[in-house]
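A.B. asks: Submitted below is the structure of interest, expressed as structure tokens.
There are 2 protein chains.
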Amino acid sequence: MDFQKSSDNKRITIYDIAKEAGVSASTVSRVLTNNANVRKEKKDKIQNIIDKYDFKPNALAKGLSDTKSKIIGIIAADVRNPYYAEVFVACESAAREAGYTVLLCNSLGMVEQESLHLQMLQQQSVDAIIQLGGRVDDLVSDKDYVGKVARITGTIPVVVTGKLDGTSCYRVQIDAKKAMDLLMSHLIGLGHKRIALVGGRKNVTSTYEKYKQYLKVLHDHQIEFQEEFFVEGGYNYQTGYEGMNKLIDRHIKPTAVIAINDFSAAGIVRSITEHGYRIPQDISVVSYDNTYIATLLIPTLTSVDYDYKTFGRKLVQAAINAAEDEEVPIQQLVTPTLVIRESSGPAAD
Amino acid sequence: MDFQKSSDNKRITIYDIAKEAGVSASTVSRVLTNNANVRKEKKDKIQNIIDKYDFKPNALAKGLSDTKSKIIGIIAADVRNPYYAEVFVACESAAREAGYTVLLCNSLGMVEQESLHLQMLQQQSVDAIIQLGGRVDDLVSDKDYVGKVARITGTIPVVVTGKLDGTSCYRVQIDAKKAMDLLMSHLIGLGHKRIALVGGRKNVTSTYEKYKQYLKVLHDHQIEFQEEFFVEGGYNYQTGYEGMNKLIDRHIKPTAVIAINDFSAAGIVRSITEHGYRIPQDISVVSYDNTYIATLLIPTLTSVDYDYKTFGRKLVQAAINAAEDEEVPIQQLVTPTLVIRESSGPAAD
DNA sequence: GTGAAAGCGCTAACAA
DNA sequence: TTGTTAGCGCTTTCAC
Chain A
8 MDFQKSSDNK
18 RITIYDIAKE
28 AGVSASTVSR
38 VLTNNANVRK
48 EKKDKIQNII
58 DKYDFKPNAL
68 AKGLSDTKSK
78 IIGIIAADVR
88 NPYYAEVFVA
98 CESAAREAGY
108 TVLLCNSLGM
118 VEQESLHLQM
128 LQQQSVDAII
138 QLGGRVDDLV
148 SDKDYVGKVA
158 RITGTIPVVV
168 TGKLDGTSCY
178 RVQIDAKKAM
188 DLLMSHLIGL
198 GHKRIALVGG
208 RKNVTSTYEK
218 YKQYLKVLHD
228 HQIEFQEEFF
238 VEGGYNYQTG
248 YEGMNKLIDR
258 HIKPTAVIAI
268 NDFSAAGIVR
278 SITEHGYRIP
288 QDISVVSYDN
298 TYIATLLIPT
308 LTSVDYDYKT
318 FGRKLVQAAI
328 NAAEDEEVPI
338 QQLVTPTLVI
348 RESSGPAAD
Chain B
8 MDFQKSSDNK
18 RITIYDIAKE
28 AGVSASTVSR
38 VLTNNANVRK
48 EKKDKIQNII
58 DKYDFKPNAL
68 AKGLSDTKSK
78 IIGIIAADVR
88 NPYYAEVFVA
98 CESAAREAGY
108 TVLLCNSLGM
118 VEQESLHLQM
128 LQQQSVDAII
138 QLGGRVDDLV
148 SDKDYVGKVA
158 RITGTIPVVV
168 TGKLDGTSCY
178 RVQIDAKKAM
188 DLLMSHLIGL
198 GHKRIALVGG
208 RKNVTSTYEK
218 YKQYLKVLHD
228 HQIEFQEEFF
238 VEGGYNYQTG
248 YEGMNKLIDR
258 HIKPTAVIAI
268 NDFSAAGIVR
278 SITEHGYRIP
288 QDISVVSYDN
298 TYIATLLIPT
308 LTSVDYDYKT
318 FGRKLVQAAI
328 NAAEDEEVPI
338 QQLVTPTLVI
348 RESSGPAAD
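Residue numbers (this note's numbering), protein chains in the order written: chain A, 8 to 356; chain B, 8 to 356.
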């Protein structure tokens with residue numbers, strides 16, 4: 008067996024198959040799409056030739072002719088963040104099962120990239136677009152972006168994990184209120200009253216909702232809200248680290264900390280450890296996303312899980328249904344669950 | 008401002024532009040591709056109309072007609088692994104700069120998926136394929152897969168991060184020998200002699216090469232190789248954890264451990280910590296990949312970095328050059344560097 | 001049941 | 001400089 012680079016291996020087409028089978032291209036197309044009757048005898052013959060050459064129809068041509076590319080474009084904030092990686096992989100699997108392919112683009116924190124990606128996906132004639140994070144996380148939707156998306160939704164359905172006021176995007180969101188409830192009940196059940204919330208920005212919808220719910224739960228339990236216990240910041244290691252340092256340095260030590268995600272939790276763990284406190288004996292740490300980071304740290308993190316498989320399936324389902332003009336709910340919620348690990352325990356004192 | 012879903016927003020084409028401008032479609036095409044002369048006056052008029060409708064040419068049609076899709080297909084083992092995520096993002100950026108789009112598929116450990124993805128990418132008429140990990144990591148290439156790929160390379164260039172014997176794939180690899188040298192010099196320089204190598208399988212090329220080099224360096228320094236110090240395993244947290252447990256439980260405590268990647272390093276750190284040893288005072292831990300995991304752990308990990316940006320650029324460059332029939336070296340090496348952090352220190356005793 | 005022909009939206013060779 | 005024409009590879013009427 009010898010595999011040589013057969014230099015100009017002209018791609019085989021439906022016509023080549025047709026000629027060899029002694030039929031017309033239409034007939035070959037019929038057995039390919041399998042949506043018209045072809046005499047069994049011919050059908051078998053054609054199929055054999057197709058198999059023999061391992062022929063696969065050109066998706067571009069197919070897409071051009073029936074104006075369906077069977078591709079779903081996905082714009083993610085950053086797949087290097089395991090949260091997005093999990094969601095993306097879940098979407099990819101769900102899409103594949105439904106016979107669709109996914110095209111991934113990352114905006115990497117450059118919001119202007121999102122517009123460009125939108126444009127590119129449009130050019131590629133994707134059948135639907137799913138946007139994971141980025142501008143759709145904004146509490147107040149960017150006007151410019153809304154305009155761009157609104158323009159697109161006329162032709163291509165767009166599904167987002169957040170929202171985009173003024174557009175007809177479909178929304179599949181994580182139930183942020185419930186996510187906060189899970190953490191708060193867990194902590195309050197362990198006797199915590201001095202609970203800090205570290206990381207996240209209030210101009211991000213999901214964070215804002217968590218914050219609101221945090222206040223509400225405190226209030227429901229007659230625990231007074233302490234301003235200093237909410238440390239706004241970002242969503243990465245560094246901001247978690249700095250946020251926690253700030254708290255401890257100011258001598259306002261909480262007995263429990265809710266991190267906005269696993270990354271910031273890692274920074275928080277570092278800060279606490281550096282200050283000589285133990286987790287969870289002195290301070291409990293809990294977080295959101297339940298990415299593998301939660302299992303890598305010492306101690307392992309109690310974290311809120313989203314059932315990524317279901318999340319991805321809902322996103323893709325919405326995208327495909329919308330693309331195929333079927334009924335799609337404007338908004339769907341994904342219910343989070345709590346995974347308890349080593350980082351949370353009874354309140355100190 | 009009111010954005011309504013203008014239900015059947017027929018996609019605008021080059022003909023619509025042409026009609027409105029009172030010219031032929033070819034002329035519009037000319038200003039679009041900008042590779043033929045059009046009288047400035049007309050050109051401006053056409054451009055205005057294009058801008059007015061924010062018209063973007065259909066990439067499918069374009070790809071069909073000039074048989075170049077400007078898409079690079081990427082098959083990754085699993086983007087949830089930050090190593091692949093880093094490489095992918097680097098490829099995506101490099102591709103975008105060169106005017107290409109990338110299509111990502113993950114095989115998620117299911118080798119049969121790789122063949123299917125290959126097929127799918129072929130159907131999408133991608134201009135080139137980049138495969139990151141998976142079967143191209145095998146020390147002995149899978150015969151079946153080799154056949155499939157060899158068939159494809161006739162039409163579509165394939166670039167891999169490993170190798171695929173018997174095919175004409177282009178190879179862009181990390182210099183595994185050098186990567187091991189960096190770690191070994193570092194450790195030996197710190198006085199370590201009892202150095203264990205935990206994780207990885209010898210049927211994976213890069214691991215095999217590291218193993219060989221490990222033996223060589225030991226030999227060069229007249230350090231006797233101890234069989235038990237090489238603990239074969241996988242590439243994740245669990246295998247790192249179990250591998251290290253095995254070492255310690257057998258009372259063959261090394262003074263330094265080389266983890267096959269950051270994931271297994273995390274497991275190793277856990278095992279060491281659980282056994283009551285300190286890092287690096289009792290045991291140093293170093294690893295490969297330098298993903299963000301290395302900075303999240305306590306202690307932070309000394310790890311071998313690959314300069315992902317360059318890695319991605321080389322992969323994409325090779326892919327594009329090959330697609331455009333330019334000269335491409337069959338094999339290229341990426342030179343790793345060492346990032347020293349908290350997890351490594353002078354040998355105990 | 002099957003083939004001929006038109007068309008999907010674009011580019012490029014050829015005339016004019 | 002510009003328009004006409006012929007594809008790119010496939011699907012889908014419309015006749016037969």
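The beta carbon of each residue, even a glycine, is placed where N, CA and C say it ideally should be.
#1: Using a Cβ-Cβ distance cut-off of 9 Å, determine whether Ile327 of chain B contacts chain A.
#2: Quick one: Cα of Ile267 of chain A to Cα of Val224 of chain A, how far?
#3: Is there a Cβ of chain A sitting closer than 9 Å to that of Val109 of chain B, yes or no?
#4: Against Lys63 of chain B, what residues of chain A qualify as contacts under a CB-to-CB distance less than 9 Å, listed in chain order?
#5: With 9 Å set as the bound, which would you pick, yes or no: does the beta-carbon of Phe318 of chain B sit closer than that to a beta-carbon of chain A?
#6: Could you work out which residues of chain A lie near Arg142 of chain B, taking near to mean beta carbons separated by less than 7 Å?
#7: Which word fits Gly283 of chain B, buried or exposed, when buried means at least 16 other C-beta atoms lie within 10 angstroms of its C-beta?
#8: Rounded to the nearest angstrom, what separates Val167 of chain A and Ala101 of chain B at their Cα positions?
#9: Taking Cβ to Cβ, would you say Thr212 of chain A is nearer than 9 Å to Lys170 of chain A?
#10: As a quick exercise: from B:Leu111, B:Gly206, B:Gln220, pick the residue whose alpha carbon is nearest that of Glu235 of chain B.
#11: Please identify the residue among A:Ser310, A:Lys253, A:Tyr242 whose C-alpha is closest to the C-alpha of Gly116 of chain A.
#12: Please confirm whether Phe237 of chain A has its beta-carbon closer than 9 Å to some beta-carbon of chain B.
#13: Suppose you measure from the CA of Ala295 of chain A to the CA of Glu93 of chain A; what does that come to, to the nearest Å?
#14: For His199 of chain A, count the other beta carbons within 10 Å of its own beta carbon; 16 or more makes it buried, fewer makes it exposed. Which is it?
#15: Against Thr262 of chain B, what residues of chain A qualify as contacts under a CB-to-CB distance less than 8 Å, listed in chain order?
#16: On a Cα-Cα basis, can you pick out the residue from A:Gly240, A:Asp61, A:Leu222 that is closest to Lys209 of chain A?
#17: Give me the Cβ distance between Val41 of chain B and Ala83 of chain B, rounded to the nearest whole Å; I'm assuming they're in contact under 8 Å.
#18: In angstroms, rounded to a whole number, what distance separates the CA positions of Arg142 of chain A and Leu67 of chain B?
#19: What separation, rounded to the nearest whole angstrom, lies between the Cα atoms of Glu334 of chain B and Asn328 of chain B?
#20: Hey, does Glu104 of chain B have any beta-carbon neighbour from chain A nearer than 9 Å?
#21: So which residues of chain B does Ala273 of chain A contact, with C-beta pairs closer than 7 Å?
#22: Does Asn252 of chain B come within less than 9 Å of chain A when only Cβ atoms are used?
#23: Given Pro164 of chain B, which residues of its chain have a CB within under 6 Å of its CB, disregarding the five upstream and five downstream residues?
#24: Residues in the same chain with beta-carbon distance under 7 Å from Thr342 of chain B, minus the five sequence neighbours each way, listed in chain order, please.
#25: Looking only at DSSP bridge pairs, what is Thr309 of chain B linked to?
#26: What does DSSP give as the partner residues of Ala83 of chain B in its beta bridges?
#27: Tell me whether Val205 of chain A sits in a helix, a strand or coil according to DSSP, three-state version.
#28: What does the alpha-carbon distance come out to for the pair Thr74 of chain A and Ile19 of chain B?
#29: I'd like to confirm the pairing. Which residues does DSSP put opposite Val238 of chain B in its beta bridges?
#30: Check the Cβ of Ser122 of chain B against every Cβ in chain A and list those closer than 7 Å, keeping chain order.
#31: For Val140 of chain A and Tyr248 of chain B, I'd like the C-alpha separation in whole angstroms.
#32: Using CA coordinates, which residue listed in A:Ser31, A:Pro89, A:Ile21 is at the minimum distance from Lys63 of chain A?
#33: When the Cα atoms are used, what is the spatial distance from Ser14 of chain A to Ile24 of chain A?
#34: Rounded to the nearest angstrom, how far is the Cβ of Lys69 of chain B from that of Thr108 of chain B, given a contact under 8 Å?
#35: Got a sec? Which residues, its chain only, sit under 7 Å from Ser175 of chain A by beta carbon, not counting five neighbours each side?
#36: Under 9 Å between the Cβ atoms of Ile255 of chain B and Ser291 of chain B?
C.D. replies: Short version:
#1: Locating residue 327 of chain B in the second sequence gives position 320, where the first residue counts as 1. It does not; no Cβ of chain A falls within 9 Å.
#2: Within the first sequence, the letter at position 260 stands for residue 267 of chain A. Within the first sequence, the letter at position 217 stands for residue 224 of chain A. Each residue's alpha carbon lies about 17 Å from the other.
#3: As a first step, residue 109 of chain B must be located in the second sequence, where it is residue number 102. Answer yes: the Cβ-Cβ gap between Val109 of chain B and chain A drops below 9 Å somewhere.
#4: In the second sequence, the residue the question calls residue 63 of chain B occupies position 56. Those are Gln126, Met127, Gln129, Gln130, listed as they occur along chain A.
#5: Locating residue 318 of chain B in the second sequence gives position 311, where the first residue counts as 1. Phe318 of chain B does not count as touching chain A.
#6: The residue given as residue 142 of chain B occupies position 135 in the second sequence. By Cβ distance, chain A contributes nothing, its closest Cβ being about 15 Å from Arg142 of chain B, past 7 Å.
#7: The residue given as residue 283 of chain B occupies position 276 in the second sequence. Looking at its Cβ environment, which holds fewer than 16 other Cβ atoms inside 10 Å, Gly283 of chain B is exposed.
#8: If you number the first sequence from 1, residue 167 of chain A lands on position 160. If you number the second sequence from 1, residue 101 of chain B lands on position 94. Each residue's Cα considered, the two are about 27 Å apart.
#9: As a first step, residue 212 of chain A is located in the first sequence; it is residue number 205 there, counting from the start. As a first step, residue 170 of chain A is located in the first sequence; it is residue number 163 there, counting from the start. Yes, Cβ-Cβ distance for Thr212 of chain A and Lys170 of chain A is below 9 Å.
#10: Within the second sequence, the letter at position 228 stands for residue 235 of chain B. It is B:Gly206.
#11: On the first sequence, residue 116 of chain A is found 109 positions in, with the first residue counted as 1. Among A:Ser310, A:Lys253, A:Tyr242, the Cα nearest to that of Gly116 of chain A is on A:Tyr242.
#12: Within the first sequence, residue 237 of chain A is the residue found at index 230, counting from 1. No, Phe237 of chain A lies away from the interface with chain B (no Cβ there is under 9 Å from its Cβ).
#13: Residue mapping note: residue 295 of chain A aligns to position 288 of the first sequence, counting from 1. Residue mapping note: residue 93 of chain A aligns to position 86 of the first sequence, counting from 1. At residue 295 of chain A the sequence reads Tyr, which differs from the Ala that was named. Their backbone Cα atoms lie some 14 Å apart in a straight line.
#14: Counting from 1 along the first sequence, the entry for residue 199 of chain A is found at position 192. Looking at its Cβ environment, which holds 16 or more other Cβ atoms inside 10 Å, His199 of chain A is buried.
#15: Numbered from its first residue, the second sequence carries residue 262 of chain B at position 255. Ordered by position in chain A, no residue passes the 8 Å Cβ test against Thr262 of chain B, which lies about 21 Å from the chain.
#16: Your numbering for residue 209 of chain A matches position 202 in the first sequence. Checking every option, the nearest Cα to that of Lys209 of chain A belongs to A:Gly240.
#17: The residue given as residue 41 of chain B occupies position 34 in the second sequence. The residue given as residue 83 of chain B occupies position 76 in the second sequence. In the sequence under discussion, the amino acid at residue 41 of chain B is Asn, which differs from the Val named in the question. The Cβ separation is near 35 Å, so there is no contact.
#18: Taking the first sequence and counting its residues from 1, the one referred to as residue 142 of chain A is at position 135. Taking the second sequence and counting its residues from 1, the one referred to as residue 67 of chain B is at position 60. Cα to Cα, Arg142 of chain A sits roughly 28 Å from Leu67 of chain B.
#19: Position 327 of the second sequence, counted from the first residue, corresponds to residue 334 of chain B. Position 321 of the second sequence, counted from the first residue, corresponds to residue 328 of chain B. The straight-line gap from Cα to Cα measures roughly 7 Å.
#20: Walking along the second sequence from the start, residue 104 of chain B turns up at place 97. Not one chain A Cβ lies under 9 Å of Glu104 of chain B.
#21: On the first sequence, residue 273 of chain A is found 266 positions in, with the first residue counted as 1. Neighbours of Ala273 of chain A on chain B, chain order: Leu303.
#22: As a first step, residue 252 of chain B must be located in the second sequence, where it is residue number 245. So no, Asn252 of chain B is outside the interface.
#23: For the purposes of this step, residue 164 of chain B is taken as residue 157 along the second sequence, with counting starting at 1. Only Ala135, Ala329, Ala330 meet the Cβ criterion.
#24: As a position in the second sequence, residue 342 of chain B is number 335, starting the count at 1. Result list for Thr342 of chain B: Asp182, Lys185, in chain order.
#25: On the second sequence, residue 309 of chain B is found 302 positions in, with the first residue counted as 1. The partner list for Thr309 of chain B (beta bridge, DSSP) reads B:Val293.
#26: Taking the second sequence and counting its residues from 1, one reaches residue 83 of chain B at position 76. Paired residue(s): B:Asn113, B:Leu139.
#27: As a working note, residue 205 of chain A is residue 198 in the first sequence. DSSP places Val205 of chain A in strand when its eight states are reduced to three.
#28: Counting from one through the first sequence, the residue named residue 74 of chain A turns up at place 67. Counting from one through the second sequence, the residue named residue 19 of chain B turns up at place 12. Distance between the alpha carbons of Thr74 of chain A and Ile19 of chain B is about 13 Å.
#29: Here residue 238 of chain B refers to the residue found at position 231 when the second sequence is read from its first residue. Partner(s): B:Val205.
#30: Here residue 122 of chain B corresponds to residue number 115 of the second sequence, with the count starting at 1. Those do not exist, as Ser122 of chain B stays about 11 Å from chain A at its closest Cβ, beyond 7 Å.
#31: In the first sequence, residue 140 of chain A corresponds to position 133, counting from 1. In the second sequence, residue 248 of chain B corresponds to position 241, counting from 1. It should be noted that the sequence gives Gly, not Val, for residue 140 of chain A. Cα to Cα, the separation comes out at about 34 Å.
#32: Your numbering for residue 63 of chain A matches position 56 in the first sequence. Comparing Cα positions, the closest option is A:Ile21.
#33: Against the first sequence, residue 14 of chain A aligns to sequence position 7. Against the first sequence, residue 24 of chain A aligns to sequence position 17. Legend: pLDDT at Ser14 of chain A = 38, less than 50; position of this residue unreliable, no value from coordinates given.
#34: Residue numbering aside, residue 69 of chain B sits at position 62 when the second sequence is read from its first letter. Residue numbering aside, residue 108 of chain B sits at position 101 when the second sequence is read from its first letter. About 12 Å separates the two Cβ atoms, so there is no contact after all.
#35: As a first step, residue 175 of chain A is located in the first sequence; it is residue number 168 there, counting from the start. Thr160, listed in sequence order.
#36: Here residue 255 of chain B refers to the residue found at position 248 of the second sequence. Here residue 291 of chain B refers to the residue found at position 284 of the second sequence. Taking 9 Å as the Cβ cut-off, Ile255 of chain B and Ser291 of chain B do not qualify as a contacting pair.
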